[in-house]
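For the sequence shown, the UniProt record's numbering begins at 1 and goes up steadily by one.
Structure first, commentary second.
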Amino acid sequence: MSDEAVEHARALLHALGLDETVDPELRTAPERFTELLKTMFSGVTDEPPVLSTFPVEATDTSSESRPDNDAALEPVVLLDLPFQSMCVHHLVPMFGSIDVAYVPRDRIVGFGSIGRAIDFVCARPQVQERIVTQLADLIERHLEPEGLLVRCRARQLCMEMRGAKKRGTLVSTASRGSLRSGERRLEIMRQFAQADSAL
């Protein structure tokens, strides 16, 4: 932990009238606050994760040759993956869940890799719209799927603690390839909605 960062945190508290000599409970706050931010922002200095992908049997994707039971070409859907991050504007938490759906081309990705990708993208000051875009970019770069859809549902404490002071869920999406539009996208969105209603 950087001593300089701790001293800056202590100076910030003092500037706000928060003095550990007045309130002893604040004595370790600068160190704890600095350690918290170091953890929450670890993605700034970490290297991007390498996502583990695995080959599936190559299949001609033309409708004439595609077998009815070709599971390798069916969408893979991961639902309700938890995340937490910090609002880039107010440095307060946002948290919620991320859904990822993709249509494989000739590879699938390990589920743990998706979790690591989420953690990396979220471990920095963020805006929700950027989370889904960066996550989609990272997955697409390693997997090169036929289609990809990422959805984020989040509570934003910057909205709940200040300004409007209203609790709500914000939804952002990013899509690539065959899941940008069409019936297959609608099918995935219906799965997302069904999962939401089950929560």
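Just so it is clear, CB atoms sit at the ideal spot from N, CA and C, and this is done for glycine as well.
To which residues of the same chain is residue i closer than 8 Å at the C-beta, ignoring the five residues directly before and after it?
| i | result |
| --- | --- |
| residue 52 | 109, 110, 112 and 113 |
| residue 69 | Reliability of the predicted coordinates at residue 69 is poor, the pLDDT of 47 falling under 50, and no value is obtained from them. |
| residue 43 | 119, 120, 121, 122, 123 and 124 |
Cutting at 6 Å between CB atoms, please list the residues of its own chain near residue i, excluding the five before and the five after it.
| i | result |
| --- | --- |
| residue 174 | 132, 133, 136 and 150 |
| residue 9 | 30, 33 and 34 |
Cβ atoms of residue j and residue i: under 8 Å apart, would you say?
| i | j | result |
| --- | --- | --- |
| residue 34 | residue 6 | yes |
| residue 94 | residue 155 | yes |
| residue 49 | residue 117 | yes |
| residue 195 | residue 80 | yes |
| residue 140 | residue 176 | yes |
Between residue i and the rest of its own chain, which residues show a CB-CB distance below 7 Å, the 5 nearest in sequence each way excluded?
| i | result |
| --- | --- |
| residue 178 | 103, 146, 147 and 184 |
| residue 170 | 128, 154 and 156 |
| residue 12 | none |
Please determine, among the options, the residue with the shortest C-alpha to C-alpha distance to residue i.
| i | options | result |
| --- | --- | --- |
| residue 262 | 37, 14, 38 and 39 | Nothing in the structure corresponds to residue 262, since the chain is present only between 1 and 199. |
| residue 41 | 88, 77, 74 and 22 | 88 |
| residue 84 | 191, 123 and 12 | 123 |
| residue 159 | 86, 17 and 139 | 86 |
| residue 115 | 144, 82, 96 and 105 | 82 |
| residue 144 | 77, 105, 12 and 47 | 105 |
Quick test of the definition: if touching needs 3 or more C-beta pairs under 8 Å, does the stretch 146-156 touch the stretch 96-110? yes
For a minimum of 4 consecutive residues, which ranges assigned as the alpha helix (DSSP H) are wholly contained in the stretch 80-126? 111-122
Which ranges would you report for the beta strand (DSSP E) in the stretch 6-63 if only whole runs of at least 3 residues count? With a minimum length of 3 residues, the continuous beta strand (DSSP E) runs that stay inside the stretch 6-63 are 53-55.
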